[in-house]
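Engineer: Same order as they appear, the protein sequences are chains X and V.
For what it's worth, this note's numbering labels the leading residue of the first sequence as 1, then goes sequentially.
For what it's worth, this note's numbering labels the leading residue of the second sequence as 235, then goes sequentially.
Take a look at the following structure, please.
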Amino acid sequence: MKFGVVVFPGTWSDRDCGWVIDQVVGAQLQYLWHKDADLKGCDCVILPGGFAYGDYLRTGAIARFAPVMQEIGEFADRGGLVWGICNGFQILCEAGLLPGALIRNASLEYRCEWTHLAVERTDLAFTSQCAEREVIRVPISHGEGSYFAEPAVLSRLEQSGQVVFRYCDAGGRVVPNANPNGSLHNIAGIINKRGNVLGMMPHPERCAESELGGADGLKLFRSVAGSALRVLVS
Amino acid sequence: MSLDTVDSRRLREVALTPEEYRVIVEKLRRPPNMVELGMLGVLWSEHCSYKTSKTLLRRLPSAGEAVLQGPGENAGAVEIGSGWAAVFKIESHNHPSAIEPYQGAATGVGGIIRDVIAMGARPIALLDSLRFGPLPGSRRHFDGVVAGIGGYGNCIGIPTVGGEVYFDECYANNPIVNAMCVGLVRVDRLMRARAEGTGNSLMLVGADTGRDGIHGASFASVELDELSSERRPAVQVGNPFLEKCLLEACMDLAQTDAVVAVQDLGAAGLTSSVAECAGRVPGAGARIDVSLVPRRERGMTPYDVMLSESQERMLVVVQRGRESEVERIFSTWDLTSAVIGDVTDDGHLTVFDQTEVVARLPIDLLTDGAPPRRLAGVAPEPAPSLRLDSLPPLLDPGESLLRLLASPNLCSRRPIFRRYDHMVGDSTVVAPGGDAALLRVKGTRLGLAMTTDCNARYCHLDPNLGAQHAVAEAARNIVATGARPLAVTDCLNLANPDRPEVYWELEETIAGLAQACRALELPIVSGNVSLYNDSAGTSAIHPTPVVGMIGVIDDYAHRLEVGLKHEGDFVLLVGSSLNDLGGSEYLKVEHGTVAGRPPPLDLTREAAVNRLILAAAKAGQLRSAHDCADGGMLVALAECCLLGGMGVRCPALRPEAPLRLDAAFFGETPGRFIVSVASRAMPELQTLARRHHVEISLLGMAGGDTVEFEGQFRLQLDQIRQAWETGLSF
């Protein structure tokens, strides 16, 4: 399994993702420059956290036009694994690879803190190592992470089981108090219909080692690393 | 206006005195032209020249075994082991933050990051030491500054891991915003900003130059007055995205040997960066051509270009002939770079506008020519003394504890630090909220602890002793993580030194810092002085010497945290309590008074207690550790419970005479820690404590969901948490 980590100007989780892939998981790592129209044979492309191009216009609004995004769109169409984390999720929504949008946190403040996530899909390349209905602890760090979609889109997502992660309390109850940003339906992460493009606001790359306060994020990286044989790129 | 009839208005504009002007004319043997006058004005400002403090600052110890770079560079550097150097510095951005809180704080963060980058180091952490007037009155300052720090730090991707915030009437018009940055670099890749090599090129990289921030350094060197809001154009605007690109480009640059030096453009912009860079090499000079400087706007004069404080710019000294390599690196990050001049050996800074010479000044006149100001200090009236027997006895320690924990100076800082990304970088092992933050050095077992500290109320009551306390407390905070204190950076925030009692405060502060740092063997390797923190005629701040400190733990697996860990562990007080309440938070909150002197401080004893904690931590005897400081023993104990999510049961506290109950619970005697230990580790710890001649006493046992001193009070942990977590909700 070869991971590609995309670097836009303003990206900052690239090095953290790279550290986990290379040093913790021990998988193959390739950084992908935003100006490159070549995914260099990667099996899973990560769009990491940060403020791509400063996020000045609107989060992800400029990044979607980067040359590398054209390739990623085609790669996703072929069934390649694309994983947007934080700013990456915002970019995937802007690029139309995932439905909905991430808007300003309900608190109107940036939030950096630990959250609990209920894992609602374990049949995916990203979550196969999680147990059914498992609750994992993963930190968030964003100012604009409130998931929003039109009612029709939202119910389609729910009906087809595309919500992968939902903010919950330590006991797994999906309650308003556990929602750190005002996301509709406590949504923290969604997948496309085909099951190969995942977007999530929380940062699994920040919790892959116990000394950083928790290692639940490692399950997601290991899931992807172990999924090589099951991915069929048509 | 003719040059030789330079009027006093013009001198005031560049913040030079007639006497300083006379010195300039004498040294130059001619009157300076307007560009030269502007350049000298900014470099001779207090902010850049330290003319009031520099003779005093020489008293501070700066040497030590681990020191790789002391004061005089962009930042200090110490060796921390495994071939790594920690680079760090603290700096003030008080005046801009008073006028424009968001941008003032944001650009303060941006500036200190560039100082660390200039040393070739990758910034890994930020800390912020803040002071405001009481809430809700100072809401505008508080909200703007907190948002500005987050806005810059979150966007650039450097974790904000620590700092402090206090509220006092004296900061109502003059908030204190000090930002510290810590970086890492391999010892053999540490860079110095020295303009070596005649003929080497000077390149300006990063943002284009605009008119923003002109006279910023001069503005920071005078008192704020009713016209200060008109100075808003002197406050710069930050662009963290641009600085992130600049950071990455400089990291790439440091990997090549095409570059001789990198220098931040901060206060006084191009003028100071070129002069400082050349000034560090005897005999070196520089030629620059302002017409080559990439500009943001039309019609800028050479004066504007030389004095602009546009942010996110760096000066790079490049090996002659290798400019295109540097240009390539910056263009990869879509950044502008331009050759604007070169290094000479004539000891002068010569400024051209194409072919015309618009300024020519000796480097040493710029960097070192400001005549030191020798002022006389006069001790003010001492603060009112405190007679303990005039205080009513403590009736309900539990009620007092709740009020103290809810006070803005002691309550939880989570509403602030959860607005800062404190995790990016995957290195934050001990997050904000404890005594000091601890970051791992990836690829090693090393942990780097960092903190900022200052109890300015102590400094107000006794500047010398208060400054010593700041050093001692910072050291205890480092030690509480299991790390040994290594070195210091300081930011001295004071009022107008032209007033004899303020100058006296400055002298005493520096004397106190020097004494404590010598006693604890801590070199001060970098720092900053911010004077004139007054508002015309109304208020002056307390002396606020913020001490930033770093420390090292050889294996971060042995780190300690504040929170209690296991039910049934013994909870102990290390060190002994004095019958003293001077300057305490208890006096202020419960009796509405600030009086007495700070608690006595025995530095030899501090060192002994610190050694004991470190030895016990290394031997694995301790489960948790927390420094006792503001609020005293009971507040510290409650924090151990709150952060551990576990209560404590203690027998009644019955101090022996003359120790009063209020002093035992809430006195702020230094040299004390609250630790928890497994019961089986007790005998070893007792032996170790005896060997270090440090007293330890059993307070109680961890567990349950209440904090209780039998027969004295009993509180639910939830109730305590409620008080503690809502203290900043105004």
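For glycine and all other residues, C-beta sits at the position ideal for the given N, C-alpha and C.
Keep in mind that this is a model prediction, so the values were computed, not measured.
What distance in whole Å lies between the Cβ atoms of E902/V and P833/V, which are believed to be in contact at a cut-off of 8 Å?
Structural biologist: Confirmed, Cβ separation roughly 5 Å.
Engineer: Name the residue from N87/X, A95/X, G213/X, D43/X whose alpha carbon lies nearest to the alpha carbon of A188/X.
Structural biologist: A188/X has its Cα closest to that of N87/X, out of N87/X, A95/X, G213/X, D43/X.
Engineer: I want to see whether chain V comes within less than 9 Å of H203/X, judged by CB atoms only; does it?
Structural biologist: Judged by the 9 Å Cβ criterion, H203/X is in contact with chain V.
Engineer: I want to see whether chain X comes within less than 9 Å of C479/V, judged by CB atoms only; does it?
Structural biologist: So yes, C479/V belongs to the interface.
Engineer: Interface residues of chain X around K676/V at Cβ under 9 Å?
Structural biologist: The answer, in chain order, is W19, Q23.
Engineer: Tell me which same chain residues have a C-beta within less than 6 Å of the C-beta of L476/V, skipping the five on either side of it?
Structural biologist: Result list for L476/V: A441, E546, in chain order.
Engineer: Might you give, ordered along the chain, the residues of its own chain that have their beta carbon closer than 7 Å to the beta carbon of F89/X, omitting 5 neighbours on each side?
Structural biologist: Excluding positions up to five away in sequence, the list reads L102, G199, M200, M201.
Engineer: What are the boundary residues of the beta strand (DSSP E) that includes A593/V?
Structural biologist: Where A593/V is concerned, the enclosing beta strand (DSSP E) stretches over 590-596.
Engineer: Is it buried or exposed for H329/V, if we count other Cβ within 10 angstroms and need 16 for buried?
Structural biologist: Under this definition H329/V is a buried residue.
Engineer: I'd like to check one pair, T723/V with K323/V: are the Cβ atoms closer than 9 Å?
Structural biologist: For K323/V and T723/V, yes; Cβs fall inside 9 Å.
Engineer: I'd like to know if L237/V contacts chain X, where contact means its C-beta is closer than 9 Å to some C-beta of that chain.
Structural biologist: Confidence at L237/V is low in this model, with a pLDDT of 44, below 50, so the placement of that residue is unreliable and no value is reported for it.
Engineer: Across which residues does DSSP place C168/X in a beta bridge pair?
Structural biologist: C168/X pairs with H116/X.
Engineer: According to DSSP, simplified to helix, strand and coil, what is W83/X?
Structural biologist: Strand at W83/X.
Engineer: Kindly confirm or deny that the stretch 772-791 of chain V and the stretch 720-737 of chain V touch, where touching means at least three C-beta pairs closer than 8 Å.
Structural biologist: Output reads yes: the stretch 720-737 of chain V touches the stretch 772-791 of chain V.
Engineer: What in chain X is Cβ-close to M657/V, meaning under 7 Å?
Structural biologist: Simply C112, P139, S141, R206.
Engineer: With a CB to CB cut of under 6 Å and the five nearest residues on each side skipped, what residues in its chain are close to G54/X?
Structural biologist: G10.
Engineer: Cutting at 6 Å between CB atoms, please list the residues of its own chain near A59/X, excluding the five before and the five after it.
Structural biologist: Note that residue 59/X corresponds to Thr in the displayed sequence, not to Ala. If we look at T59/X and ignore the five residues flanking it on each side, its Cβ neighbours are Q90, E144.
Engineer: Would you say D788/V reaches chain X, if we count a Cβ-Cβ gap shorter than 9 Å as a contact?
Structural biologist: Taking Cβ atoms only, chain X never reaches closer than 9 Å to D788/V, which makes this a no.
Engineer: In chain order, what residues of the same chain lie with their CB nearer than 8 Å to the CB of Q956/V, ignoring the 5 residues before and after it?
Structural biologist: For Q956/V, where only same-chain residues beyond five positions count, there are no Cβ hits under 8 Å.
Engineer: Would A492/V and V573/V be called neighbours here (beta carbons separated by less than 9 Å)?
Structural biologist: Contact: no.
Engineer: Using C-beta distances below 8 Å, list every residue in its chain close to M540/V, excluding the 5 sequence neighbours before and after it, in chain order.
Structural biologist: For M540/V, where only same-chain residues beyond five positions count, the Cβ hits under 8 Å are V269, G272, M273, G503, L504, T505, V524, V585, A593.
Engineer: Bridge partners of Q30/X, per DSSP?
Structural biologist: Per DSSP, G4/X.
Engineer: With distance defined between alpha-carbon atoms, name the residue in L600/V, Y284/V, T678/V, R556/V nearest to V257/V.
Structural biologist: Comparing Cα positions, the closest option is L600/V.
Engineer: Ignore the nearest five residues each way along the sequence and tell me which others in A886/V's own chain have a CB closer than 8 Å to its CB.
Structural biologist: So the list reads F943, E944, G945, Q946, once near-sequence residues are dropped.
Engineer: Taking 7 Å as the limit between beta carbons, can you name the residues of its chain near T940/V, skipping five residues before and five after?
Structural biologist: Hits under 7 Å: G881, R948, L949, Q950, L951.
Engineer: Taking the alpha carbon of Q23/X as the reference point, which residue from D660/V, T960/V, S910/V, T394/V has its own alpha carbon closest?
Structural biologist: Of the listed residues, the one whose Cα sits closest to Q23/X is D660/V.
Engineer: Measure the alpha-carbon distance for P642/V versus Y537/V and round it to whole angstroms.
Structural biologist: Taking the straight line from one Cα to the other gives about 46 Å.
Engineer: Tell me the rounded alpha-carbon separation between G866/V and K35/X.
Structural biologist: So the two alpha carbons sit approximately 57 Å from each other.
Engineer: Give the secondary structure of Q497/V by DSSP, where H, G and I count as helix, E and B as strand, and everything else as coil.
Structural biologist: Residue state, collapsed to three classes: strand.
Engineer: Taking S155/X as the query, report the chain V residues whose CB atoms sit under 8 Å from its CB, ordered along the chain.
Structural biologist: Result: empty, since nearest Cβ-Cβ is about 33 Å, beyond 8 Å.
Engineer: Using a beta-carbon distance cut-off of less than 7 Å, what residues from the stretch 634-658 of chain V approach chain X?
Structural biologist: Answer in chain order: R652, R653, Y654, D655, H656, M657, V658.
Engineer: Could you name each continuous alpha helix (DSSP H) segment of 4 residues or more that falls completely within the stretch 834-859 of chain V, going from the start of the chain to the end?
Structural biologist: Counting whole runs of 4 or more residues, the stretch 834-859 of chain V contains the alpha helix (DSSP H) stretches 837-852.
Engineer: With a threshold of 9 Å between beta-carbons, can R15/X be considered close to chain V, or not?
Structural biologist: Yes, its Cβ sits closer than 9 Å to a Cβ of chain V.
Engineer: Report the option in V7/X, G18/X, W12/X whose CA atom is closest to the CA atom of L218/X.
Structural biologist: Of the listed residues, the one whose Cα sits closest to L218/X is G18/X.
Engineer: State the start and end residues of the unbroken beta strand (DSSP E) segment that holds M684/V.
Structural biologist: It spans 681-687 - the beta strand (DSSP E) in which M684/V sits, taken as one unbroken run.
Engineer: When the cut-off is 9 Å and only beta carbons count, does P731/V lie next to chain X?
Structural biologist: Closer than 9 Å: no.
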